[in-house]
Amino acid sequence: MSEARAPSRIRMTEGLGAIPPAAWDACAAPGGVRANPFLTHAFLSSLEEAGCVGPGTGWTPAHLLLETGAGDLLAAAPAYFKSHSQGEYVFDHGWAEALERAGGRYYPKLQLAVPFTPVTGHRFLVRPDTDRPQAERALLSGAVELAARAGASSVHVTFLTRDEYTRLGTDEMLRREDQQFHWTNEGYESFEAFLASLASRKRKDLRKERAPFAEAGISFRWLRGREITEGHWDAVFAFYMDTASRKWGRPYLNRQVFSLIGERLGEAVVLILAERAGRPIAGALNLLGTDTLFGRYWGCIEDHPFLHFETCYYQAIDYAIAHGLARVEAGAQGAHKVARGYRPVTTYSLHWIAHAGLRAAVARYLEAERSAVAEDRAFLEDHTPFRKG
0 MSEARAPSRI RMTEGLGAIP PAAWDACAAP GGVRANPFLT HAFLSSLEEA
50 GCVGPGTGWT PAHLLLETGA GDLLAAAPAY FKSHSQGEYV FDHGWAEALE
100 RAGGRYYPKL QLAVPFTPVT GHRFLVRPDT DRPQAERALL SGAVELAARA
150 GASSVHVTFL TRDEYTRLGT DEMLRREDQQ FHWTNEGYES FEAFLASLAS
200 RKRKDLRKER APFAEAGISF RWLRGREITE GHWDAVFAFY MDTASRKWGR
250 PYLNRQVFSL IGERLGEAVV LILAERAGRP IAGALNLLGT DTLFGRYWGC
300 IEDHPFLHFE TCYYQAIDYA IAHGLARVEA GAQGAHKVAR GYRPVTTYSL
350 HWIAHAGLRA AVARYLEAER SAVAEDRAFL EDHTPFRKG
């Protein structure tokens, strides 16, 4: 029997520092192809080294490793014990309140996820020479066993792929669906070609939103990899702090992590800057996959109409067209994106809950929620700005 079919053990590690980057990335980015840069050792270790996860953050690394008897890594799952429900973008606050009202304890819980990152991707990272379905099942079973031993209330696998969701969802592993909004490149040669695919009134609306920036003396620049300096990161952090402090109260990221991401991810980092009079006034940090631009963090220090839309959505579309990318994923939520050419896309999560009563109640809730999400998605699909026929 092969090593892939008979791995010796599953173990937990409290951080990526003890795992060689090449071993982790053989599972997360086989062949050096960073289809999803958020899953790489470079990104996840940056969060740990900067202290964005770890002691005092409510995110305690507990990564699951599937290894051979010789200690070779076959598969892994980024995982964290959580003492709160912040920074996840799949909301379970109501579940926590219900269990605690009944005298139970919801935290800690075990989260298989990329912190602060609502981007779909494999949550079970498997080497190409390893049986994927078998490795997924082994890691998920290991997660449930780890949670039970630790006295955790639940296991949550968020923003996993549709294939993982389909294979692993069961009566006990509850299925949840939501939606995001992604832009798809239909072979457009320019932004004008994209606009031509929209209904006339929508074309006018988008042109109107983009027009004021030249009149206001605001220009935009794209910077990638080595073009991004520490001065740029200082500006980006100032933008992020302004927006995050207003939106969440407690920002998740610190200044150090931006430098680490820039250093370790290199050419996978794309920064879109808005400038006025030679001074940065807004910016959006994006990461680049093989065919996708992932929009992550944005902020500004001046308020201008439609500045957010231009910096995060329209400039991202411009960049994707110019570089032949297939799609733009601009982050969580935001039905307002539909009017700007972003289409609804389903996202998936799985949930194991130890408490039988809460599990039954959540299962009923999720069944109704899935129907509501499907109806909303169908409605939005019927109201996209694209020309009919």
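Reading the sequence shown from the start, the letters are residues 0 to 388 in numbering that gives the first Met the number 0. Think of the CB as a built atom: it goes at the ideal place given N, C-alpha and C, for glycine as much as any other residue.
Endpoints, alpha helix (DSSP H) assigned at V389 = With the chain running from 0 to 388 in the structure shown, residue 389 is simply not present.
In chain order, what residues of the same chain lie with their CB nearer than 8 Å to the CB of R4, ignoring the 5 residues before and after it?
-> Here residue 4 corresponds to residue number 5 of the sequence shown, with the count starting at 1. With a pLDDT of 49 at R4, under the threshold of 50, the modelled position of this residue cannot be trusted; read the value that follows with caution. Within the same chain, R4 has close Cβ partners D130, Q133.
Which of the three DSSP states, helix, strand or coil, is assigned to M0?
-> Here residue 0 corresponds to residue number 1 of the sequence shown, with the count starting at 1. Confidence at M0 is low in this model, with a pLDDT of 36, below 50, so the placement of that residue should be treated as unreliable; the coordinate-derived value is given next. Looking at M0 - three-state DSSP - the assignment turns out to be coil, as it is neither helix nor strand.
Between the CA atoms of S189 and A314 - distance to the nearest angstrom | Along the sequence shown, read from residue 1 onward, the residue named residue 314 stands at position 315. Along the sequence shown, read from residue 1 onward, the residue named residue 189 stands at position 190. The sequence given here has Gln at residue 314, not Ala. Their backbone Cα atoms lie some 12 Å apart in a straight line.
For the region 308-376, list the alpha helix (DSSP H) runs that are entirely contained and at least 4 residues long, ordered along the chain.
-> 314-321
L194 vs P114 beta-carbon contact at 9 Å | Counting from one through the sequence shown, the residue named residue 194 turns up at place 195. Counting from one through the sequence shown, the residue named residue 114 turns up at place 115. No; because the gap between Cβ atoms is not below 9 Å, this pair is not in contact.
Backbone CA spacing between E368 and T242 [nearest angstrom] = Taking the sequence shown and counting its residues from 1, one reaches residue 368 at position 369. Taking the sequence shown and counting its residues from 1, one reaches residue 242 at position 243. About 30 Å.
Roughly how many whole angstroms lie between the Cα atoms of L365 and S140?
-> The residue you call residue 365 lines up with position 366 of the sequence shown. The residue you call residue 140 lines up with position 141 of the sequence shown. Taking the straight line joining both Cα atoms gives about 22 Å.
Alpha-carbon spacing of Y105 relative to R136, whole angstroms | Counting from one through the sequence shown, the residue named residue 105 turns up at place 106. Counting from one through the sequence shown, the residue named residue 136 turns up at place 137. Their backbone Cα atoms lie some 24 Å apart in a straight line.
Three or more beta-carbon pairs under 8 Å between the region 81-100 and the region 141-149, yes or no?
-> No, because fewer than three Cβ pairs between the region 81-100 and the region 141-149 fall closer than 8 Å, the two stretches do not touch.
With 16 other CB atoms within 10 Å as the buried threshold, where does G356 fall?
-> For the purposes of this step, residue 356 is identified with residue 357 of the sequence shown, where counting begins at 1. Label assigned to G356: exposed.
What is the C-beta distance between A76 and F37, in whole angstroms, given that I count them as a contact (C-beta under 8 Å)?
-> Counted from its first residue, the sequence shown places residue 76 at position 77. Counted from its first residue, the sequence shown places residue 37 at position 38. At roughly 14 Å, the Cβ-Cβ gap does not stay under 8 Å, so A76 and F37 are not in contact.
Considering only the beta carbon of each residue, do A267 and G323 sit closer than 9 Å?
-> The count along the sequence shown starts at 1 and reaches residue 267 at position 268. The count along the sequence shown starts at 1 and reaches residue 323 at position 324. At the C-beta level, A267 and G323 stay beyond 9 Å of one another.
Quick one: what's S244 bridged to in DSSP?
-> Translated into the one-based positions of the sequence shown, residue 244 becomes position 245. In the DSSP output, where bridge partners are listed per residue, S244 has none listed.
If you run the structure through DSSP and keep just helix, strand and coil, what is G282?
-> Residue 282 sits at position 283 when you count from the first residue of the sequence shown. G282: strand per DSSP, three-state reduction.
Do you know how far the Cα of A21 is from the Cα of D381?
-> Position 382 of the sequence shown holds residue 381. Position 22 of the sequence shown holds residue 21. One Cα belongs to D381, the other to A21, and the distance between them is close to 45 Å.
Taking the Cβ atom as the reference point for each residue, do T119 and T59 lie within a distance shorter than 9 Å?
-> Position 120 of the sequence shown holds residue 119. Position 60 of the sequence shown holds residue 59. Cβ atoms of T119 and T59: not closer than 9 Å.
Secondary structure at P384, three-state DSSP: helix, strand or coil?
-> What you label residue 384 is simply residue 385 of the sequence shown in a count that begins at 1. Correct three-state label for P384: coil.
Identify the residues that DSSP records as bridge partners of Q110: which are they?
-> For this step, residue 110 is matched to residue 111 along the sequence shown. Y79, H155.
Using alpha carbons as the reference points, say which of H92, A112, D162 lies closest to T39.
-> As a working mapping, residue 39 is identified with position 40 in the sequence shown. Cα-wise, what sits closest to T39 is A112.
Sorted by chain position, which residues of the same chain lie with C-beta nearer than 7 Å to T12's C-beta, five sequence neighbours on each side aside?
-> Within the sequence shown, the letter at position 13 stands for residue 12. Excluding sequence neighbours, T12 sits near I18, H62, L64.
Report buried or exposed for M0, applying the criterion of at least 16 other Cβ atoms within 10 angstroms of its Cβ.
-> Locating residue 0 in the sequence shown gives position 1, where the first residue counts as 1. Note that M0 scores 36 on pLDDT, short of 50, meaning its location in the model is unreliable and no value can be drawn from it.
S153 classed as buried or exposed, judged by whether at least 16 other C-beta atoms fall within 10 angstroms | In the sequence shown, the residue the question calls residue 153 occupies position 154. Residue burial annotation: S153 is buried, with at least 16 other C-beta atoms found within 10 angstroms of its C-beta.
Report the three-state DSSP secondary structure of L98 (helix, strand or coil).
-> Translated into positions along the sequence shown, residue 98 becomes position 99. The answer is helix: DSSP assigns L98 an H, G or I state.
Tell me the DSSP bridge mates of P60?
-> As a first step, residue 60 is located in the sequence shown; it is residue number 61 there, counting from the start. Beta-bridge pairing links P60 to Y79.
Under 8 Å by Cβ, that's how I've got T383 and R342 pegged, so tell me the actual separation to the nearest angstrom.
-> Counting from one through the sequence shown, the residue named residue 383 turns up at place 384. Counting from one through the sequence shown, the residue named residue 342 turns up at place 343. That pair is a contact at about 6 Å.
Do T157 and Q110 have their C-beta atoms closer together than 9 Å?
-> Reading the sequence shown from its first residue, position 158 is the one you call residue 157. Reading the sequence shown from its first residue, position 111 is the one you call residue 110. In this structure, Q110 lies closer than 9 Å to T157 by Cβ.
State buried or exposed for S44, treating a residue as buried only when at least 16 other CB atoms are found within 10 Å of its CB.
-> Against the sequence shown, residue 44 aligns to sequence position 45. Buried.
Taking all protein chains shown into account, decide if T56 is buried (16 or more other Cβ within 10 angstroms of its Cβ) or exposed.
-> As a position in the sequence shown, residue 56 is number 57, starting the count at 1. It counts as buried.
Neighbour-count burial assignment, V32, 16 or more Cβ in a 10 Å radius | Along the sequence shown, one-based indexing puts residue 32 at 33. V32 should be labelled exposed.
Anyone know if the C-beta pair for G294 and C311 falls short of 9 Å?
-> As a working note, residue 294 is residue 295 in the sequence shown. As a working note, residue 311 is residue 312 in the sequence shown. A contact, by the Cβ cut-off of 9 Å.
Is T165 helix, strand or coil when you go by DSSP?
-> Position 166 of the sequence shown, counted from the start, is the residue given in the question as residue 165. Correct three-state label for T165: helix.
With a CB to CB cut of under 6 Å and the five nearest residues on each side skipped, what residues in its chain are close to A319?
-> In the sequence shown, the residue the question calls residue 319 occupies position 320. Excluding residues within five positions, the ones whose Cβ falls inside 6 Å are N184, L292, V327.
Tell me, which residues are paired with A273 by DSSP?
-> Within the sequence shown, the letter at position 274 stands for residue 273. DSSP, once it has assigned bridges, lists F219, A281 as partnering A273.
Any C-beta of chain C sitting closer than 9 Å to the C-beta of D241?
-> The structure shown has no chain C; it contains just one protein chain.
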